[in-house]
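So the sequence shown is residues 361 to 1634, counted in the working numbering.
For every residue, glycine included, the Cβ atom is placed at its ideal position computed from N, Cα and C.
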Amino acid sequence: MGETKWTAEQLSAITTRRRNLLVAAAAGSGKTAVLVERIIRMITEGEEPVDIDSLLVVTFTSAAAAEMRERIGDAISKALEHSPNSKVLQRQLALLNRANITTMHSFCLDVIKNNFHHIDLDPNFRIGDDTECTLIRSEVVSELFEDRYDQDDDSFKKLVDSYGQGKDDSKLQQMVLDLYQFSMSEPWPETWLKEKCEELNICSEEELNNSHWAKILINNVEIELETFERLLHNAKELSETTEGLEPYLTNIEDDINQIISIREGIAGGLSSVYNKIEGLSFSKLKSVKKNQVSDEEAQQRVKDIRDDVKKKLNKMKEDIFSIPPEEAVKDFKILYFLINELVGLVLEFDKRYKGKKRDRGILDFNDLEHLCLNVLTEEGEDGQIMPSSVAKEFKMKFSEVLVDEYQDTNNIQETIISMVSRKEEEDPNVFMVGDVKQSIYRFRHAKPELFLNKYNSYPTDGSHDMKIMLYKNFRSRKEVIDGVNYIFNMLMSKSVGELEYDENEALNLGADYKDLDAENVYDIENEVNTQDIEIAGDIEVHILDKSAQKEDSEEAEVVESDMQEDVQNSEAEEDLDSIQIEARIVAKRIHELMNASNGKKYMVWDRSLDKYRRLKYKDIVILLRATKNWSEVFVDELGQSGIPVYADTGTGYFDTIEIRTIMSLLQVIDNPMQDIHILSVLRSPIFLFSSEELGELRLIDKEKYFYEILKSISEGALSSEASDITINDELKRKCVYFAEKLKLWRDKALYMPIDEFIWYLYMDTSYYGYAGAMPNGVQRQANLRILFQRAKQYEKTSFKGLFNFINFINKLRKSSGDMGSAKILGENEDVVRIMSIHKSKGLEFPVVFLSGCGKQFNLMDLNKEILFHDELGFGPEYIDVDRRISYTSLPKHAIKMRFKLEALSEEMRVLYVAFTRAKEKLIITGAVSNLEKVTKRWCSAAALSDDKILSSEVLKGKSYMDWIGMALAKHKNGEELRKSGNTIVDYIKSDFSTWNIKYWSKNDVIVDEKLKAVDEIEDESQERRLFIYKDSGEINEDIERRLDFQYKFKSSTSIAANISVSDLKRAAYEEDQNEIETIYKGDRIIKPQFLQEEKGLSAAERGTVVHFVMQHIELGKLRSREEVEDQLEDMVQGEFLTKEQAKVVNISKIFKFFQSNIGKRIIEAYENGSMLYRELPFFTEIPAYLVDKSLSKEETKDELVRLQGVVDCFFEEEDGLVLVDYKTDYVEEGNEQLIKDRYEVQLNYYSDTLEKITGKKVKEKYLYLFGLDKEVKY
C-alpha cells in the first residue's frame, strides 16, 4: 500500500494549528486516521515538534484509547524503519507509555491521585465496584427514610403521601436516587438542585409568563397552530377545486379565522391564549349533495383534515389549558413545597453517601469528575469559578487538548476541558472531532448542543475558532450512500434530529469499489464467470403485515394518551409471533445470499485480497434498536434454519442451569431452611436425588423443612411418628452424604474468601467438569468463571461474607437486569452477529440487516411523576392529597414537549448510525399492524409537502418503519406504498437511490410441523422445527441425508478429548514421538507409590507451592521482605501450607518479583481496581489438526479438541491486557532466549484464550524466571 492520499479537508484538519478547531466528521470519513495523523505530525514535524506527553487526547472508551495508542505506536515504528537514527522518533516512542491518551474518567483519576492533598482526600482510596456502590446507596437511602419517619416530619410525610405508593415508599426512594444521579451530570450539583427548585417559586401570572416553561408552551402552540392553519388551507383548496364541495368553504374559513385569532393572542401570554382557546367552537360541516360531488376521495380528505384539527385543538385545550393561568399560579405553591422537600432529601442523601464512601475508602465514577473539578477550580473574589493553580499548570503543559467523539461530551466534561485548555485565551489549543448526527448517548447525559453551538457559530476560516467539515465517506458503496442521503434529507431537521440535513451534511462518495471483472474475483472453487456473480444491489425494505394479530388501535397517532396506554406496555408485550416471522424472513434472505438461490453468487469486496470473494456469515450483521425480547428469538430461529449466529444478548445469564444450580447451592449453604433452593441442589448432579426419593422424604414429615428431615435421617433421630417409615440404605447414604458435605461447606464459608470458596465448590462437587461435559459445555464453564470473577470483584468491596455476596448478586441482577452469558466468541468466527445499534457504533459490515423497525419508540420516561431536565429543571405532577386529584402541571407539560423532541431526535440519530454501518448492502425489515391503513397514513404525510416530510408529520411517527415509509412514499420506487395506501403523492423524481420494497404476510413463511417429530426424536430436550418456504422441495433430501450420515473423521478418534497447553507446548517444541504420545489416549505406567523412595518435595511440587503463594499473597502488604514473610507464616497458621511446603519458598525471590517492573505493575493494577486475575483455569477448543500433524487440515477443520490450562496472572491496563507466566525451573544465565522460544506456543495459546474470554486485546506477554530474577518480554 502506498502513502495515504488525504483529501483537502482532511489535510486541513491535520495541519491547521493554533486555534480551537471543530472537525465535523461524518460516518466513514476517516476521523480516527485524521486524528492519528495530526498527532504524528505534531510530534515529528516542524522546527519544534512537541513531545507526545505534552498532548492530552481524550477518547470516549478505553478500547478507543488503546487503539489510538497502538496506531500512534505503529506509525512511529514504521517511520523509524525509514529513519532509524531519528532522535525525535526515538524520543517519541520512548515517551509513548507516558502519553495522556485516555478516557475522561482515567484522566480525572490521575489528576486526583497526583493532587489528593488539595482536596483533603485519603490517598489510599480505591474505585468502588458499580454493584457495591449500588448496595451502599440503597443502604443509605433506606436509613435516611427510616430516620425521617422517626422524626415525625410533616413535610416529609406530605412528600411520601404525594409521590409514594400507599404504604410502599420504594418508588419515592428510587426518585431520590434518580434525582441524585441526574444532578451528578452537572458541574455543581448542589447549586443546580437549589436553583432549579427556586424556579418553581412563582407567585404571579407575570412570573409565570416570563418562565421558560411558558415560553416553550407558547412556542409549541404557535407551531401547532401554524400546522393547523396550513392543513385547513389545504382543505380549503380541495373544496374550491372539487365540484360540489363549495358549501364546506364557509366552515373552513371560520376555522381558519379562529386559528388566526388564537395566534394573534399569543403576544398576550398564557392568559390571552387560554381565553381564546376557551371560547373556541366549531360549526357543523354543511351538507353537500352526494351526486354532485365530483371526487369522493377529496371530500373524505377534507373531512379528515377538519376532524384532525378539531381533535388536536380539543386535546390542547384539555391538556395545557384545562385550568386558567391564575389557578396554575396557585399550583406552584404546592409544587415548590414538595420539590423543596425532595431536594432537601437528595442533599442529605448526598452527604450521608459521601460519609459512607469515606468510611470505606472508596470513590465512585461520579466522584472522579467532581473531585477532579474541585482540584482544577477555585472561587474568585467575586464568586466566579476560576482555574486553580493546578489547572494553570495543565494549561501550560498541554500543547493541545484533542477530544474524540466530542458530540457525546456532557456539561461537567466540557467544564473540565475548559479548565485544562487555553480554549478562551489568545493561543487556543482545543481540537474537537465528532459527528453530531451520531450523538446517541443522551441517556448518559451527553449534550449534543455543545457540539451544535460551536458548529453553528464557528466560521470555516476563523483565526481563533474554526470548523472543518469532512463529509466524504470512505466506507460505503454509492447505493448505500444515496439511500442514506435520501432518507435523512427527507426526515432529519432542526426539529427532529437537531440538525438540518442538507447538501452540507450529505455524505459524498469516497470509497473505491472496483468494477466486477474476472481478474478481480477470488473463487478457488470454480472458473470465474461474472454473469453468475451478484454484488451490491438496491436497498431492500421488507414489510411484514401482521394485520390479523393486532387491532387498528396501534396505528393511532402519537398523542399523550397513546404514550400513557400503549408505549408503557410495548416492551413487555412485544408480539412474539411477529418477531419469529420477521426472524424467518431474515433467515430466508441470508440463505438466499449465501446459497446463490437466484443462480448468482453474492460477493463482497475484500480489501485485504484486493478482490471480490464469496459472502461469509461473518460479513453479515443484524442490528436491533434493543436486543431484549428480540435477540433470543432471532438466535433461535436462525440457528434452527442452519445459520451460525451469535448474539451478546446481555440477558439469560442468571437463568442458565449451571448458574441457577450454584446460586441455589450458595443459598442453601447460607440458610438451609429454603426448600425451593434445597430441592434444586438435591436434584442436581451434585447429589442426584430422584423425584421418587424426594417424595419419600416429604412423606416422612409434611410440615418440616427438607433440611430438618435430611438432618434427622443422617443423625438417626427421626420422630416417633416417622419411625415406622422404611428408608432404604441408598437414600439414607445420600442423606448422610448431603449433611456431611453441607456441614463442611458451611464451616469453610466462614473463613474462606468468597471467590476461593466458589472455586473450591466447583472442584469439590466436580460440577465445573460436569458443566463442561454438558451440551454447549464451553459456554457453561465460561458462565461459571464469570460468577467466580464476580466473586473476586466482591472480595475487593467493603462487604464481606456469603450472605452479603448473595445480596450483591441479587442487587446486580435487579440493577443491571442481567449480565448476559460469558463471551466465548472470537472476532474471526464465521457467524452472523446480532447486536444493538449502540454497540455497532464505530463498526462496519459488508451486509447489514436493520431489523425490528416496526417496534414502537420507547417514550415511557415521559410518564414519570416528576421529570428532570438539565435546562428546564423540575416537571412534577400536580398532586393534591387532600382533594385526591392529580394532573399534569404546566412545567411538566413543557418538559414533556422538550423531552419528546429530544427523544425523537435521538432516535433519528440512532437510525442514522444504523444506516451508516453498511458497506455494500442494506436490508431493512419491520412489521406493521394494518398495511393498508399504515401506508395510507405514510402517503398522506408525504403528500403534505412538495419537498421534505414536514417535521410535524415526522413527530407523529411511532417507529423507524413509520419514518422510512413516509420518506419512501415520496420516492420513485415507492409505487407499491402509494398503491396500497391508495393515495396520490408527488414523488421526488431526481433522486439517485434505488429501493426494492417487498410485502410479507404470515402465510409467506410456512412452519412444517410434519418434521417436528423427527427432530424431537433426535433431541427431546429442545423444541425444534424445520421451516420450509413455498418454493422449497428439500424435505426428502434432508431426511435422507440424516439417515445416511457417516462419520468421516475416524482418524481423529484416537486423540484425547482433553489435552493441556503444556502438552501442546512439548509437542510443538520437541516434535518427538515419545513426547507426542502423551497427547494420545493410552495408559501410562507409573511406579507404585510404595515402591517410590521417600524424599522431599519434587521440582514440580515446589513449583506448585510457589504458584499457590503467588495466587494468594495479599498485594496490599508487600512493602518489605518482612511483610512477605509474615504472609507466608499466616498461610502456615491457617493450614493453607505445611511447614515443609513453606520452607521451599524463597521469600527474597518473591519480594524481588514484586519490586520488579512487572511486579509493580501488578500492584498498581490491584490498587486501581483494574481487572486482575491470578491462577485462572480455562477450557477452550482448538482444531484437532493442531494436535496431530498427520491429520488433514481440510478434512478435520471442524473437529475440535478441548484444551485446558491455567493462566498464572493477567491484569488490565488502559490500553490492553498484560499476561504473566511464572517459571520456577532452574535456568542457567544466558539461556533466556532458549526458554523464551520453548514457552512461546504456550503463551500464545494463553493469549488467544484470554482475548476470546475477555473480548480485550493482550498487549504484552511476559515470562518471569524466578531462577534468574528476570522478566522476559515477548
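- About 7 Å separates the CB atoms of A426 and E1574; that is less than 8 Å, so the two are in contact.
- Note: L1623 is bridge-paired with D1581 and V1632 in the DSSP secondary-structure output.
- N1136 and Y1097 have their C-alpha atoms some 30 Å from each other.
- In this structure, the CA atom of D1061 is about 7 Å from the CA atom of I1069.
- The beta carbon of V1587 lies closer than 8 Å to those of I1595, L1625, G1627 and L1628 in the same chain, with the five residues before and after it left out.
- Looking at the backbone, the Cα of V735 and that of D480 are separated by about 10 Å.
- With fewer than 16 other Cβ atoms from the protein chains shown falling within 10 Å of its own Cβ, G1590 counts as exposed.
- The alpha-carbon of Y815 is positioned some 8 Å away from that of A384.
- Straight across, the Cα-Cα distance linking P684 with Y634 is about 7 Å.
- Counting along the chain, no alpha helix (DSSP H) covers R967, and no H or E run does either.
- With respect to L455, D413 sits close: the two C-beta atoms are nearer than 8 Å.
- With contacts defined by Cβ atoms closer than 8 Å, Q940 and V993 form a contacting pair.
- DSSP places V790 within a strand segment (E or B) once states are collapsed to three.
- In this model, V689 and L504 are separated by some 32 Å (Cα to Cα).
- L869 is bridged by DSSP to N833.
- Assigned with DSSP and collapsed to three states, F725 falls in helix.
- Using a Cβ distance threshold of 8 Å, K1215 and P1236 do not count as a contacting pair.
- By the 16-neighbour rule on beta-carbons within 10 angstroms, H442 is exposed.
- If you ignore the 5 residues before and after L869, its C-beta comes within less than 7 Å of the C-beta of N833, K838 and I841, all in its own chain and listed in chain order.
- A straight-line Cα-Cα distance of about 26 Å links F1117 and R1562.
- Judged by DSSP secondary structure, A627 falls outside any alpha helix (DSSP H); it is assigned neither H nor E.
- Uninterrupted beta strand (DSSP E) stretches at least 3 residues long and entirely within the segment 1269 to 1301 occur at 1278 to 1288, given in chain order.
- When the Cα atoms are used, S855 and E1262 turn out to be separated by approximately 9 Å.
- Taking 8 Å as the cut-off, the beta carbon of L1054 is found closer than this to the beta carbon of L1039.
- Bridge partners of F1209 according to DSSP: I982 and I1283.
- A direct Cα-to-Cα measurement between I1197 and A1274 gives close to 6 Å.
- Where N457 is concerned, there is no enclosing alpha helix (DSSP H), because DSSP gives it neither an H nor an E.
- Out of A393, L1546 and Y1065, the CA that lies nearest to the CA of P1032 is found in Y1065.
- Look at the beta carbons and you see the segment 395 to 409 not touching the segment 748 to 755: under three pairs across the two are nearer than 8 Å.
- Counting C-beta pairs closer than 8 Å gives three or more between the segment 757 to 777 and the segment 798 to 815, which meets the contact rule.
- With fewer than 16 other beta carbons inside 10 angstroms of its own, I1245 counts as exposed.
- Less than 8 Å divides the Cβ of I899 from the Cβ of G843.
- A residue is called buried once 16 or more other Cβ atoms fall within 10 Å of its Cβ, and G1212 is buried on that count.
- The secondary-structure analysis by DSSP pairs I1542 across a beta bridge with V1561.
- Ranked by Cα distance from D719, the first of L449, P747 and C493 is C493.
- In this structure, the alpha-carbon of S1516 lies about 10 Å from that of K1509.
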